[in-house]
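S.K.: Chains as they are written, first to last, in the numbering used here: chain P, 20 to 99; chain X, 20 to 99. Ideal placement from N, C-alpha and C gives every residue a C-beta, glycine not left out.
There are 2 protein chains.
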Amino acid sequence: MPKQSSKDIKSLIGERVRELREARGIASQEKLGELASDLHRTFIGRVERGETNISIENLEAITKALGVSLAEFFKPFNQK
Amino acid sequence: MPKQSSKDIKSLIGERVRELREARGIASQEKLGELASDLHRTFIGRVERGETNISIENLEAITKALGVSLAEFFKPFNQK
Chain P
20 MPKQSSKDIK SLIGERVREL REARGIASQE KLGELASDLH RTFIGRVERG
70 ETNISIENLE AITKALGVSL AEFFKPFNQK
Chain X
20 MPKQSSKDIK SLIGERVREL REARGIASQE KLGELASDLH RTFIGRVERG
70 ETNISIENLE AITKALGVSL AEFFKPFNQK
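1. Can you name the start and end residues of the alpha helix (DSSP H) that X:Leu54 belongs to?
2. Leaving out the 5 sequence neighbours to the left and right, which residues in its chain are closer than 8 angstroms to P:Glu79 when beta-carbon positions are compared?
3. Return helix, strand or coil for X:Ser74, following the three-state DSSP convention.
4. Just how far apart, CA to CA, sit X:Arg35 and P:Thr61?
5. Quick one: give me the first and last residue of the alpha helix (DSSP H) that P:Val87 is part of.
6. Mind listing the chain X neighbours of P:Gln96? Cutoff is C-beta to C-beta under 9 angstroms, in chain order.
7. For the candidate residues X:Glu76, X:Ala42 and X:Lys29, whose alpha-carbon lies nearest to that of X:Asp57?
8. State yes or no: is the C-beta of P:Gln48 within less than 7 angstroms of the C-beta of P:Ile63?
9. X:Ile28 CB to nearest chain P CB: under 7 angstroms?
10. Since I believe P:Phe93 is in contact with X:Phe93 (beta carbons under 8 angstroms), could you give me their beta-carbon distance rounded to a whole number of angstroms?
11. In angstroms with no decimal places, state the Cα-to-Cα distance between X:Arg65 and X:Ile73.
12. Could you compute how far the alpha carbon of P:Val87 sits from the alpha carbon of P:Arg40?
13. At what residues does the alpha helix (DSSP H) containing X:Gly64 begin and finish?
14. Whose C-beta lies closer than 6 angstroms to the C-beta of P:Arg37 among residues of the same chain, with five residues either side of it excluded?
15. Return no unless some Cβ of chain X is closer than 7 angstroms to the Cβ of P:Glu70.
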């Protein structure tokens with residue numbers, strides 16, 4: 020079985036959402052959900068755990084709530 | 020009815036995919052689809068017309084085929 024060379028995009032997004040949420044002082048997934056076009060806290064939880072192949076509209080809502088552009092959101096990802 | 024202040028994310032993505040596809044000299048949507056984890060040409064067509072709330076995994080496949088990172092892909096979008 021080939022070794023996976025890097026984390027998948029869903030996990031990278033999950034870690035980035037959690038990192039930015041905590042950096043913004045948004046304490047709970049529920050609060051972020053409220054800020055992001057009223058997404059449900061369980062959905063935010065699945066995103067942060069890398070379980071969701073998120074749509075671009077929902078990701079845009081989350082990044083707006085986090086106060087970053089999509090380009091800024093993806094900047095640390097370093098993939099090609 | 021409030022005037023829409025900017026194009027929606029689906030349209031922005033569609034224009035950017037088409038722009039990069041043409042800049043890369045990938046003549047057809049079919050060819051891009053083959054390069055992008057075998058996505059169907061009709062799917063690429065819907066993406067380029069801004070009709071698809073694309074998932075991040077499919078968008079990642081397309082950006083890889085176009086040879087840009089997600090951060091580079093979103094750089095011109097200028098949203099917050």
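M.R.: Taking the geometry as given:
1. Gln48 to Leu54 is the extent of the alpha helix (DSSP H) around X:Leu54.
2. Within the same chain, and ignoring the five residues on either side of P:Glu79 in sequence, the residues whose Cβ sits closer than 8 angstroms to its Cβ are Leu89.
3. DSSP, reduced to helix, strand and coil, places X:Ser74 within a strand of the structure shown.
4. Answer to the nearest angstrom: the Cα atoms are 32 angstroms apart.
5. Looking at the DSSP string, P:Val87 is not in any alpha helix (DSSP H), and its letter there is neither H nor E.
6. At residue 96 of chain P the sequence reads Phe, which differs from the Gln that was named. Residues of chain X passing the Cβ test: Ser88, Leu89 and Ala90.
7. X:Glu76 is the residue among X:Glu76, X:Ala42 and X:Lys29 whose C-alpha sits nearest the C-alpha of X:Asp57.
8. In contact: P:Gln48 and P:Ile63 (Cβ atoms closer than 7 angstroms).
9. Taking Cβ atoms only, chain P reaches closer than 7 angstroms to X:Ile28, which makes this a yes.
10. Going by Cβ atoms, the distance from X:Phe93 to P:Phe93 rounds to 6 angstroms, so yes, they are a contact pair.
11. Taking the straight line from one Cα to the other gives about 10 angstroms.
12. Between P:Val87 and P:Arg40, the C-alpha separation is close to 11 angstroms.
13. Element bounds for X:Gly64: Arg60 to Glu67.
14. The beta carbon of P:Arg37 sits closer than 6 angstroms to those of Glu67, all from its chain and outside the five residues before and after it, given in chain order.
15. Judged by the 7 angstroms Cβ criterion, P:Glu70 is not in contact with chain X.
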